[in-house]
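S.K.: Numbering (our numbering), first residue to last: 358 to 581.
For glycine and all other residues, C-beta sits at the position ideal for the given N, C-alpha and C.
Source: prediction; values computed, not measured.
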Ligand SMILES: N[C@@H](CCC(=O)N[C@@H](CS)C(=O)NCC(=O)O)C(=O)O
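#1: Note down the Cα distance separating residue 504 from residue 580, rounded to an integer number of angstroms.
#2: If you count every other CB in all the chains shown that lies within 10 Å of the CB of residue 465, and 16 or more means buried, which is it?
#3: Classify residue 517 as buried or exposed, calling it buried when 16 or more other Cβ atoms lie within 10 Å of its own Cβ.
#4: Could you check which residue in 556, 510, 506, 571 has the C-alpha nearest to that of residue 530?
#5: Counting along the chain, where does the beta strand (DSSP E) carrying residue 423 start and finish?
#6: Over the uninterrupted alpha helix (DSSP H) stretch that includes residue 487, give me the two end residues.
#7: Please work out which residues of its chain come closer than 8 Å, Cβ to Cβ, to residue 383, disregarding the five sequence neighbours upstream and downstream, and give them in chain order.
#8: What do you get for residue 528, buried or exposed, if any count of 16 or more other CB atoms within 10 angstroms of its CB means buried?
#9: Grab the span of the beta strand (DSSP E) containing residue 360 for me, first residue to last.
#10: Can you find the residues in the same chain that come closer than 7 Å, C-beta to C-beta, to residue 429, ignoring five residues on each side of it along the sequence?
#11: Below 8 Å, is the gap between the Cβ of residue 491 and the nearest heavy atom of ligand 1?
#12: Below 7 Å CB to CB, which residues in the same chain sit around residue 457 once its five sequence neighbours on both sides are set aside?
#13: By DSSP, does residue 567 sit in helix, in strand, or in coil?
#14: So, for residue 539: in the same chain, excluding its five sequence neighbours on each side, which residues have a beta-carbon less than 8 Å away from its beta-carbon?
#15: Which ranges would you report for the beta strand (DSSP E) in the stretch 400 to 451 if only whole runs of at least 3 residues count?
#16: Given the structure, does residue 411 come close to ligand 1, in the sense that its CB is under 8 Å from one of the ligand's heavy atoms?
#17: Between the beta-carbon of residue 401 and the beta-carbon of residue 413, is there less than 9 Å?
#18: Compare the Cα-Cα distances from residue 370 to each of 416, 404, 423, 381 and report the closest residue.
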């Protein structure tokens with residue numbers, strides 16, 4: 358029974374787990390969820406009532422795994438490949454988990470806040486919340502510029518869970534608040550987006566970018 362991944366091609370948290378699948382060449386059956394479609398939503402809610410993507414179904418082990426970080430931890434534990442996404446040493450493991458949380462909470466979430474504000478019902482937008490989200494992104498970029506100076510990947514030499522989180526977070530965040538003149542962060546984002554795993558995702562997602570509700574569509578970051 359193959360692994361099934363419930364996801365949407367445009368969704369940033371889904372890109373995060375796709376990177377792990379593609380990096381380690383783990384076979385899976387894609388199940389596209391369309392939350393604009395009643396039947397697709399109802400079917401997804403039967404798998405995971407919270408209806409947040411991504412969700413992994415491992416029929417052989419009888420497991421339904423929600424939350425992007427936990428999906429990657431699960432793959433590491435039960436479907437391991439060449440890359441170990443959560444390092445074995447406790448010292449590297451806590452750093453990986455900390456930077457994974459950082460990218461989810463201080464880059465992905467403010468980015469999502471800005472993007473989803475554009476598709477709120479008339480009169481329900483939240484300009485103050487969007488302003489706060491933009492300020493948070495800039496604060497995160499400044500910290501990342503300092504953190505990435507002299508580092509290859511988020512926690513050093515090895516590509517980890519934290520880098521899976523960083524890639525779509527920075528890809529979409531850069532479209533709503535440009536990374537600007539932050540050379541270490543820009544070079545890191547360019548390294549992430551040059552990996553074959555993300556190049557493949559970018560190609561697969563291209564037909565969907567027209568549904569991205571912002572005036573500037575996301576683009577691959579380059580170092581200069
Ligand atoms: N903390 C969750 C966040 C998942 C999430 O926000 N997924 C978005 C897609 S990127 C989603 O399902 N949005 C649909 C909705 O909020 O209705 C994770 O890491 O998986």
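M.R.: According to the structure data:
#1: Looking at the two C-alpha atoms, the distance is approximately 17 Å.
#2: It counts as buried.
#3: buried
#4: 571
#5: 420 to 423
#6: 484 to 505
#7: Here residue 383 has 360, 377, 432, 436, 438 as same chain residues with Cβ atoms under 8 Å from its own Cβ, once five neighbours each way along the sequence are excluded.
#8: The residue is buried, with at least 16 neighbouring Cβ atoms inside 10 Å.
#9: For residue 360, the uninterrupted beta strand (DSSP E) segment begins and ends at 360 to 364.
#10: 374, 377, 442, 518, 521
#11: no
#12: 426, 518, 519, 522
#13: helix
#14: 498, 499, 501, 502
#15: 412 to 415, 420 to 423
#16: yes
#17: no
#18: It is 423 whose Cα lies nearest to the Cα of residue 370.
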